[in-house]
Structure formats: structure tokens, C-alpha cells
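Note sheet for the following structure.
2 protein chains.
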Amino acid sequence: MKNNKATIHDIAAKLNITASTVSRALNNNPRISDETKKKVLKVAKQINYQPNHIASALRSGKSKLIGVIVPTANRNFFSSVIRGIEDLANSLNYKVIISQSYDEYDKEVQNIEALINARVDGIIASFGKMTENFDHFHKVIEKGIPLVLFDRTADVLDVSHVILDDYLGAYQAVDHLIKNGCKRIVHFTNVQRINIYRERKRGYEDALKANGLEVDPALILYGNMQLEDGRKLTEEIIQNKVDFDGIFSSADYAVMGALQVLKEHGIAVPGQVKLAGFGNEPFTSFSDPTITTVDQKSISMGKITAEMFFEMLNGNTNGQVAVAKKTILKPELIIRDSSK
Amino acid sequence: MKNNKATIHDIAAKLNITASTVSRALNNNPRISDETKKKVLKVAKQINYQPNHIASALRSGKSKLIGVIVPTANRNFFSSVIRGIEDLANSLNYKVIISQSYDEYDKEVQNIEALINARVDGIIASFGKMTENFDHFHKVIEKGIPLVLFDRTADVLDVSHVILDDYLGAYQAVDHLIKNGCKRIVHFTNVQRINIYRERKRGYEDALKANGLEVDPALILYGNMQLEDGRKLTEEIIQNKVDFDGIFSSADYAVMGALQVLKEHGIAVPGQVKLAGFGNEPFTSFSDPTITTVDQKSISMGKITAEMFFEMLNGNTNGQVAVAKKTILKPELIIRDSSK
DNA sequence: CTCATTTGAGCAAACGATTGCATTTTAAAA
DNA sequence: TTTTAAAATGCAATCGTTTGCTCAAATGAG
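Listed in order, the protein sequences are those of chains A and B.
Residue numbering for the first sequence follows the working numbering, beginning at 3 and increasing consecutively.
Residue numbering for the second sequence follows the working numbering, beginning at 3 and increasing consecutively.
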């Protein structure tokens with residue numbers, strides 16, 4: 003029971019035909035008669051034939067594997083996107099290899115290398131915060147391996163991608179804060195190299211201007227967007243006696259940190275300071291008060307990314323990337339207690 | 003630039019030796035002289051040779067792929083375990099295919115099939131809540147594919163695994179609640195088919211008994227362990243005017259739901275009711291009050307699981323599983339405000 | 001009833017690496 | 001110098017499918 007034999011040759015032998023015929027029958031090749039196909043299928047089932055994907059990958063050059071690279075699967079957003087990709091991929095008989103870059107540049111490069119070596123048929127990626135150099139992605143493109151990016155992208159890469167309208171999401175959130183009375187809104191953001199932070203900041207600024215408020219650089223704070231970073235930034239502005247009555251953070255984790263620190267200092271939320279985050283992480287609805295945030299439409303993003311990817315894979319104009327398609331999704335402002 | 007040619011034959015041609023020699027040189031076979039190895043390596047680099055894993059997988063029967071099945075990668079615990087596995091695997095030149103069962107039995111079976119078809123060299127899994135039948139795992143074992151389970155296991159499967167001492171974790175949490183004054187502790191649990199819920203319940207019961215308290219079946223509530231389930235169960239006991247002063251939940255999400263409902267009803271936590279969860283999900287330290295919980299040692303679990311797996315893979319006694327090894331990790335009680 | 005088509009299937013060469021066995025080269029022993 | 005063992009490399013089959021091309025049978029047209 004150890005060796006899983008059953009090859010197309012076994013089927014062929016049983017039917018007194020050749021392996022090529024069996025192969026064609028299994029692949030539903032029109033050159034084979036329906037009768038033969040039926041017989042082949044029957045015997046295949048009978049002897050429990052399992053196709054050897056490795057052999058087929060070697061010969062055909064198609065591995066039926068697609069690589070997905072995300073910073074971390076441990077975030078609601080990314081795992082939802084992955085689920086969307088997986089669903090479509092599996093239904094088309096593709097397997098997904100998920101690899102995480104943990105926002106480390108070296109790991110991202112290694113992952114790409116490894117995926118190429120594993121001969122994936124294509125790659126879907128959202129790159130890490132440290133990524134400034136895109137040679138590894140260019141290599142993918144040069145090799146004619148279909149590539150689609152989502153969420154975190156770069157303009158210098160002329161590649162199909164699907165992103166969120168981060169600008170709009172930020173604009174809406176900030177506009178909402180202002181409409182609810184905020185006059186001096188702090189903004190937490192991260193390196194401007196990354197499109198999403200750049201766009202969110204732009205949305206923040208434009209919303210202020212549109213409401214006749216001035217953009218005060220002192221209110222724009224840079225840092226990583228983890229919980230701890232949010233705490234640190236908030237401690238800072240409190241220590242520095244910055245005058246503020248609202249915080250719009252580029253990420254939910256950071257705004258969560260802010261909430262903690264504000265409460266520790268006895269500052270009322272939303273009474274004295276109103277908050278809004280970005281990402282709609284589950285915990286934003288667990289906290290007290292619950293946190294207003296922007297939903298990133300992760301499910302749609304996954305679905306659309308996958309669709310775009312397979313379109314590219316099939317419409318495969320000989321590795322020649324056709325026109326790069328860009329899809330921009332509309333975000334949704336989720337209003338909760340922290341901004342009321 | 004489209005086709006990535008460079009095979010061992012190209013290297014061989016350049017050096018006027020055969021492909022077999024090149025292959026052996028690249029695999030550091032002792033039968034090849036150091037001089038030849040050096041030359042081969044040099045040319046390989048020079049012409050940018052990338053080994054074709056597919057070809058090697060076909061011939062050698064080793065894909066250098068390992069499959070990991072988890073209910074969902076979207077949970078801190080699982081993603082940490084995955085990270086542990088990935089780290090070791092990558093350092094040994096293995097790639098990890100992550101697949102999620104979403105706690106659906108059918109998906110789990112499909113995933114196993116798909117992994118076997120992808121010719122993974124082994125499988126690491128934690129199965130879903132709906133899994134009662136283990137034929138798909140038996141198939142893996144029969145085929146001689148190394149299998150290691152973690153966290154969610156079944157006694158009927160005589161397979162190496164690493165689990166947490168759920169009994170101890172529960173015991174400590176409940177003992178802690180009692181020491182802090184609780185007399186009537188509600189327990190949230192899930193289907194008893196799953197080892198972890200069974201053990202946690204046992205720990206709960208024994209801790210009560212050891213402290214001279216009786217086990218009241220009316221205080222043991224069954225349900226899924228999502229946030230919503232925790233809310234529902236809590237609403238229920240409040241409606242039914244159940245007398246309780248503590249809740250020990252098998253999962254953090256459910257205890258979070260309980261906290262929300264308690265607050266909505268103006269019941270003070272930890273004043274009137276003290277809480278403890280299980281899992282140490284990040285949000286337990288974000289909530290107000292922060293929630294006492296049991297840490298599952300996910301990092302260690304990932305590391306140990308991977309080590310055990312590769313031991314099995316290498317010590318490969320011809321697919322014949324040696325003795326199933328079982329490792330049990332000690333949990334850690336994290337005391338926070340909800341139980342003070 | 002022949003000749004040209006279509007249709008169905010077989011042959012054999014890939015795909016790129018690995019590996020048991022054979023052979024050559026080198027070095028040591030006689 | 002001849003013999004022998006050890007060291008280094010070559011030969012060729014193999015892993016299981018796929019696929020271009022060839023070939024035979026069946027069908028249709030003239």
C-alpha cells in the first residue's frame with residue numbers, strides 16, 4: 003500500500019491502447035472519440051488513478067501552482083483576500099502557495115526566488131513596507147510570469163493591480179470627524195513610499211482644506227502602525243501638549259494604541275477626542291468605545307484580484323503582458339462610537 | 003529573455019563533462035572532485051543556472067514541498083505556528099503550502115487530496131471542528147506520507163503530534179478565578195469531540211472540585227466559540243437569571259462577546275463578574291478591561307512541530323512510521339484586569 | 001469503385017534532473 | 001614495470017506526462 007502506482011500506462015495496458023491516447027482522453031482532447039474517453043475514465047476510477055502533477059508540470063511547463071506573497075497572513079485584511087484568491091483558484095484546479103514576507107525586504111526577495119524556482123504559473127503579491135527596490139518584481143515580469151499586485155503597489159511597476167481608493171476612504175473619515183465637530187485632527191501615517199499611506203494622507207489633507215481647515219504639519223505624525231507605535235505617538239502629543247480633538251490613523255492597530263493611552267490619561271473618547279482608523283480589523287468593534295474605521299473591501303479585493311490574474315493567465319499573449327489593468331475599489335466608512 | 007533556459011546540460015557542455023557529473027557536483031556528491039565542483043559552481047553562477055525543482059521532484063520523488071492545513075490562518079495562534087514551521091522549513095530549503103479548511107470537513111478532505119496530488123513530501127495539520135471521520139488522514143498515513151498534527155488531534159489517530167496541556171491551562175485559569183473570589187463560574191465550551199474543548203472542560207471541573215466547589219451542569223454552556231456565540235450564551239444566562247460571578251471561556255472570542263454583553267447590561271467586570279479566556283489573542287490586551295487568558299505557546303508549538311516533522315522526514319524508516327511521538331507543552335496563564 | 005478527406009489513435013521524443021552500473025583515470029602496492 | 005584498488009566521471013535508463021508527427025481506418029465525394 004505504500005506506493006501509489008497507477009499511471010496512464012496502467013490504464014492504457016488495461017484497454018490495449020497507448021498512453022498518449024489515455025492522456026488525451028483524460029484531457030478531453032477532441033481528437034479522441036467519446037467512447038474511448040468513457041472507457042478511460044471508467045478504468046481510471048476503477049484503479050484509482052491519480053494524475054502525477056509533477057510529471058505533467060515538467061512536460062507541459064505548467065505547474066498549476068500560483069504563489070501569493072503577503073506581508074502577513076495574520077491580518078484580517080490579508081487573510082480575507084487570500085480566501086478570495088483561494089476560492090477561485092481551487093475551483094480552477096490551481097493550488098495556492100502562500101508565503102509571508104513579514105514586511106522584510108530580504109524575505110520578500112527570497113520568497114519570489116523560491117516561487118520562481120517552484121515554477122509557479124503566476125504570482126499575486128502585496129509587498130512589504132520596506133520594499134523600495136523592485137528588481138525582484140521586474141525579474142518576474144521579464145520571465146513572462148503573470149503578476150498581479152493588490153493593495154500595496156508602486157507606480158514604477160507597470161503591472162495589473164487592484165487597490166482601494168485610499169484617498170477617498172481617508173477623505174470620508176476625516177470629513178466625518180470634522181462634521182462631528184473636530185477642528186484639530188492628528189494624522190498617523192507611515193513612510194510615504196507606500197502608496198496607501200501617501201494616498202491616505204492626501205485624503206486627510208484635502209478633507210481639511212475642503213472644510214476650510216488648515217493643514218498643520220505638526221499634527222502629522224510618522225511611525226510604524228502597530229499598537230505600540232500608536233501608543234508612543236499619542237504619548238508624545240500629550241507630553242508635548244499638542245492641541246488636538248481628533249485622530250485619524252492610517253491603521254486600526256495604531257488607533258487602538260491611541261485609544262488606550264487616551265483612556266490612561268483620562269481623556270474622554272469621543273467626548274474630548276474623536277477617533278477614526280483604517281482597515282476595519284475585527285477588534286475595532288470589540289473595543290470600548292467601538293472604533294470608527296474604513297472598510298477595505300477585502301473580500302471583493304481578493305475576488306477581483308484573482309479574476310484579473312486568471313484572465314491574464316489565460317489570455318496569455320505569449321508572456322507578453324497586454325495592457326496593465328488597474329481596478330480601484332470604493333471603501334466604506336464604518337461609523338462607530340469613537341467619533342460620535 | 004522569456005525562456006529561462008540554463009540546464010545542467012548547458013553547464014556540462016561548457017565544461018566538457020556530462021550532466022550526471024554536474025548533477026552530482028551540485029548536490030555535493032563525494033564522488034566528485036573538489037576541483038570539478040568548483041568549476042561547476044562557477045559556471046552555474048555565470049550562466050545564472052536555476053535548478054528545475056519539478057524535474058528533480060519527478061525523478062527523485064521528493065518535491066521539497068510540505069503541506070500545512072489549518073482551519074484558518076487568520077488567527078494569531080495558527081499564524082504564529084505557521085511562522086514557526088516556515089522558518090525551519092525554509093532554512094532547510096523546503097517550501098510550505100498553506101491551505102485553510104475554514105473548519106469545513108469537505109474542504110479539509112479536498113485539501114488533503116490536493117496536497118497529495120501536489121506530491122508534497124509531508125503534511126502538518128490541525129483539523130477542523132467538523133472533523134469526526136479520519137479516513138482522509140488514514141489515507142495519508144497509508145501512503146507513507148509523513149504526518150504531524152498539532153493542537154487539534156484525535157486519539158484514534160496514532161500519529162506524532164504536539165499539543166498544549168489544555169487541561170492544565172484551564173485548571174490554572176479556573177483556580178485563579180476561584181482564588182480571586184469566584185464561587186459560581188460559568189464555562190463556555192464547544193463540541194466535546196475535539197480534544198481541546200474536552201480537556202479544557204475537564205480542567206475546569208477538576209479545578210472546581212479541588213477547591214471544594216460543585217460542578218453544576220447548568221453552568222456549562224455549549225456553542226461555537228465566536229464572538230457572536232459568546233454574546234448569545236451570555237444573553238441567555240442573564241435572561242435566565244442564572245446566578246454566576248465568573249466566566250471561563252474556552253476561547254477568547256467568546257469571552258470578548260461575554261464582556262460586551264455584560265457591559266451592555268451594566269454588570270461590572272471584574273467587579274461583579276470576573277472573566278478568563280483561552281488563546282491570548284491580541285485583542286484580549288486591547289479590551290477594557292483587558293482580559294485574563296491562557297497563552298498557547300504558539301511560537302514554541304510551531305517550532306517543535308516543525309522539528310518533529312523533519313525528524314520524521316529524515317529518519318524516514320521507509321515510510322514506516324516509527325513510534326508516534328507526542329509532545330505536550332505547558333501553557334501560561336496571563337493575568338489581566340478582567341479577573342482582578 | 002476509386003481517391004481524397006476527415007477522424008481516431010499510435011510512435012517516439014521530449015521535459016530536466018537523478019542514479020545504478022560501467023568505465024576510465026590515478027595512485028598505490030607488489 | 002605490472003597489478004590492483006580507489007577515485008572520478010561517463011552511460012543510459014528512468015520518473016509520468018505531453019505533444020508533434022505519422023499512420024490507419026472510416027467516411028464522403030466524384
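Backbone N, C-alpha and C define an ideal beta-carbon position, used for all residues, glycine too.
None of the values given here were measured: they were computed from a predicted structure.
Rounded to the nearest angstrom, the Cβ distance from Ile337 (chain A) to Val296 (chain A) is 10 Å, too far for a contact under 8 Å. The beta carbon of Lys7 (chain B) does not come within 8 Å of any beta carbon belonging to chain A, so the residue lies off that interface. Taken in chain order, the members of the segment 46-60 of chain A whose beta-carbon sits within less than 8 Å of a beta-carbon on chain B are Gln52, Pro53, Asn54, His55, Ile56, Ala57, Ala59 and Leu60.
In this structure, Tyr96 (chain A) lies away from Thr133 (chain A), with their beta-carbon atoms at least 8 Å apart. Neighbours of Met258 (chain B) in chain A, taken as residues at a C-beta separation under 9 Å, are given in chain order as Phe285 and Phe288.
Against chain B, the beta carbon of Arg233 (chain A) has no neighbour under 7 Å; the closest one sits roughly 11 Å away. Taking a C-beta distance under 8 Å as the contact criterion, Tyr206 (chain B) and Val161 (chain B) do not qualify as a contact pair. The secondary-structure analysis by DSSP pairs Tyr224 (chain A) across a beta bridge with A:Thr191.
Ranked by Cα distance from Asn242 (chain B), the options B:Glu230, B:Leu223, B:Met258 and B:Ser251 are led by B:Leu223. The beta carbons of Thr307 (chain B) and Phe139 (chain B) sit no closer together than 8 Å. Think of a sphere of 8 Å around the beta carbon of Glu106 (chain A): no beta carbon from chain B falls inside it, the nearest being about 12 Å out.
Contact annotation: Ile126 (chain A) and Ile99 (chain A) have beta-carbon atoms that are not nearer than 8 Å. At least 8 Å separates the beta-carbon of Leu149 (chain B) from that of Val158 (chain B).
Val122 (chain B) and Ser287 (chain B) have their alpha carbons spaced roughly 38 Å apart. Within 10 angstroms of the beta-carbon of Ala212 (chain A) lie fewer than 16 other beta-carbons, which makes it exposed.
Within a 10 Å sphere around the beta-carbon of Val193 (chain B) sit fewer than 16 other beta-carbons, which makes this residue exposed. With the criterion set as a beta carbon lying under 8 Å from some beta carbon of chain B, the members of the segment 78-107 of chain A are Asn78, Ser81, Ser82, Ile84, Arg85, Glu88, Asn92, Lys97, Val98, Ile99, Ile100, Ser101, Gln102 and Tyr104, in sequence order.
In terms of Cβ geometry, Ile240 (chain B) and Val188 (chain B) do not form a close pair [threshold 8 Å].
Rounded to whole angstroms, the gap between the alpha carbons of Lys131 (chain A) and Gln228 (chain A) is 12 Å.
Distance check between Gly214 (chain B) and each of B:Lys327, B:Lys181, B:Ile330 and B:Val325 places B:Lys181 closest, using alpha-carbon atoms only. Under a 10 Å Cβ-count criterion, Lys66 (chain A) is classified as buried, with 16 or more other Cβ atoms of the shown protein chains found around its own Cβ. The beta carbon of Asp245 (chain A) sits closer than 7 Å to the beta carbons of Arg186 from its chain, once the five residues preceding and following it are set aside; these are given in chain order. When secondary structure is reduced to three states using DSSP, Ser82 (chain A) falls in the helix class.
About 6 Å separates the CB atoms of Gly281 (chain A) and Ala253 (chain A); that is less than 8 Å, so the two are in contact. Positions of the beta strand (DSSP E) runs, each at least 3 residues long and wholly inside the segment 83-107 of chain B, are given as 97-102 in order along the chain.
Its Cα nearest to that of Arg204 (chain A), the residue A:Gln174 stands out among A:Gly232, A:Leu179 and A:Gln174. In the same chain as His55 (chain A), and ignoring 5 residues on each side of it, the C-beta atoms closer than 8 Å to its own belong to Ser65 and Lys66, in chain order.
Contact check between the segment 26-39 of chain B and the segment 65-83 of chain B: fewer than three CB pairs, one atom from each, fall below 8 Å, which does not count as touching. Put simply, the CB of Lys265 (chain B) is near chain A, with a gap under 8 Å to one of its CB atoms. Selection A:Thr236, A:Ile198, A:Lys234 and A:Tyr169 evaluated against Leu210 (chain A) yields A:Tyr169 as nearest (Cα-Cα).
Identification of residues in the segment 114-136 of chain A having a C-beta nearer than 9 Å to some C-beta of chain B yields Glu115, Ala116, Leu117, Ile118, Asn119, Ala120 and Arg121, given in sequence order.
When C-beta distances to chain B are compared with 8 Å, every residue of the segment 162-193 of chain A stays at or above that value. DSSP, reduced to helix, strand and coil, places Leu215 (chain B) outside both helices and strands of the structure shown, so it counts as coil. The criterion of a C-beta distance shorter than 8 Å is not satisfied by Ile147 (chain A) and Ile165 (chain A). Apart from the 5 residues on each side of it in sequence, Val83 (chain A) sits with its Cβ closer than 6 Å to the Cβ of Ser300, Met303 and Gly304 in its chain, given in chain order. Close CB contacts of Cys184 (chain A) within its chain, under the 8 Å cut and outside five residues either way in sequence, are with Asp247, Gly248 and Lys276 (chain order).
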